[in-house]
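Below is one structure, written out as structure tokens, with a few remarks after it.
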Amino acid sequence: MNNQLILQILKKKELSGISKEIVKEILESYLNKNKISSENLSPKQAKIIIKEIRSKLRNYAGQFQKKQKNRQELLERDKLNELLKTHTSTAERLNFYPELKKLLTQLKIKSVLDIGCGINPIALANKKIIYYAVDIKQDEIDLIKKFFRKNDIRGKVFPYNLLKINLSFPKADICLLFKILDTIEKRAAERILKSIKSKYILASFSTKTLSNKKMNQPRRYWFEHLLKRINLEYRIINSENEIFYLIKQQPEPKTISLPLKPKTN
Numbered sequence: 382m383n384n385q386l387i388l389q390i391l392k393k394k395e396l397s398g399i400s401k402e403i404v405k406e407i408l409e410s411y412l413n414k415n416k417i418s419s420e421n422l423s424p425k426q427a428k429i430i431i432k433e434i435r436s437k438l439r440n441y442a443g444q445f446q447k448k449q450k451n452r453q454e455l456l457e458r459d460k461l462n463e464l465l466k467t468h469t470s471t472a473e474r475l476n477f478y479p480e481l482k483k484l485l486t487q488l489k490i491k492s493v494l495d496i497g498c499g500i501n502p503i504a505l506a507n508k509k510i511i512y513y514a515v516d517i518k519q520d521e522i523d524l525i526k527k528f529f530r531k532n533d534i535r536g537k538v539f540p541y542n543l544l545k546i547n548l549s550f551p552k553a554d555i556c557l558l559f560k561i562l563d564t565i566e567k568r569a570a571e572r573i574l575k576s577i578k579s580k581y582i583l584a585s586f587s588t589k590t591l592s593n594k595k596m597n598q599p600r601r602y603w604f605e606h607l608l609k610r611i612n613l614e615y616r617i618i619n620s621e622n623e624i625f626y627l628i629k630q631q632p633e634p635k636t637i638s639l640p641l642k643p644k645t646n
């Protein structure tokens, strides 16, 4: 019965690229939490479950993706800027990627863990960095794998469910969490932070509302309070469309001086 539910859930076009394994994990977690057996469900019960899981997936997979162009063709033709424009978040970040690359160089980053990566690795991955790319959407995972093969990028690309109770990620110099933490429960955000084994974490949040208006208060004070409570230092980096928190988990190299007091907008 679970397989039938999974197929029904993925019938929605905007969810069709999500890995079946991820859907299975979220579905089983939902059934266990609500003490529901998937055997002998009534049509009404099945409809409610499908609706609930789709809602979770929409929130989790993101509200960021525009209508797909022919991404494979753009990749084959090395039209990488055009490819980055096919995803809302990377399109908005396009002019800020040079600053992010500069930051990775300044921090002497040799390995990256990119959680909820989307197509972000296409902008940031290179032959000098070991890159671990993690996402929920199978079509984007496949695209990044192809990009890595085409450009001899070292690393791994794999699907992952951040709603898992026990999280386990590869160790890296820096972990990227771009526009991820706003889409999950605050308790889960703390669990994710504590599971990351990186010198640095770079987390970002949108500074625009869903109606595309500038937020009056873009800083995430709940996140700042969380970082303070778990004793993590940070500084804020502002861009046109995002606010970034550069979080220090281990002592910085002596050659780098980063102000740790957050800037006021």
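If you use my numbering, the sequence shown corresponds to residues 382 to 646, in order.
The beta carbon of each residue, even a glycine, is placed where N, CA and C say it ideally should be.
Keep in mind it's a predicted model, so treat the numbers as computed, not measured.
Going by DSSP, which residues form a beta bridge with V658? The shown model of the chain, from 382 to 646, leaves out residue 658, and the question about it has no answer.
Beta-carbon proximity list for I387, same chain, < 7 Å, skipping 5 on both sides: K401, V404, K405 and L408
Own chain partners of I399 with C-beta closer than 8 Å, once the 5 adjacent residues on each side are dropped: L391, L438, A442, I517, K518 and Q519
Between the Cα of H468 and those of L484, G497 and R458, spot the shortest distance and give me the residue it belongs to. G497
Note the first and the last residue of the continuous beta strand (DSSP E) segment covering S579. S579 to S587
When you compare the CB positions of F326 and L562, do they come within less than 9 Å of one another, or not? The first residue shown for the chain is 382 and the last is 646, placing residue 326 beyond what the model contains.
Cβ-based neighbour list, K560, same chain, cut-off 8 Å, excluding 5 preceding and 5 following: G443, F445, S470, G497, S585, F586, S587 and E623
So, at 6 Å on beta carbons, what are the nonlocal neighbours of D554 in its own chain, with the 5 sequence-adjacent residues on each side left out? I490, K491, S492 and K580
Sort out for me which residues DSSP pairs K629 with in a bridge. Y581 and E614
Would you mind stating whether L552 and I534 have Cβ atoms separated by less than 9 Å? The displayed chain sequence assigns Lys, not Leu, to residue 552. Against a cut-off of 9 Å, the Cβ pair of I534 and K552 comes out as no contact.
Hey, A570 and G536 are a contact pair by Cβ (cut 8 Å); roughly how many whole angstroms apart? About 25 Å separates the two Cβ atoms, so there is no contact after all.
Straight-line gap, M596 to T590 (C-alpha atoms, nearest Å): 6 Å
Can you tell me where the alpha helix (DSSP H) with I573 in it begins and where it stops? K567 to S576
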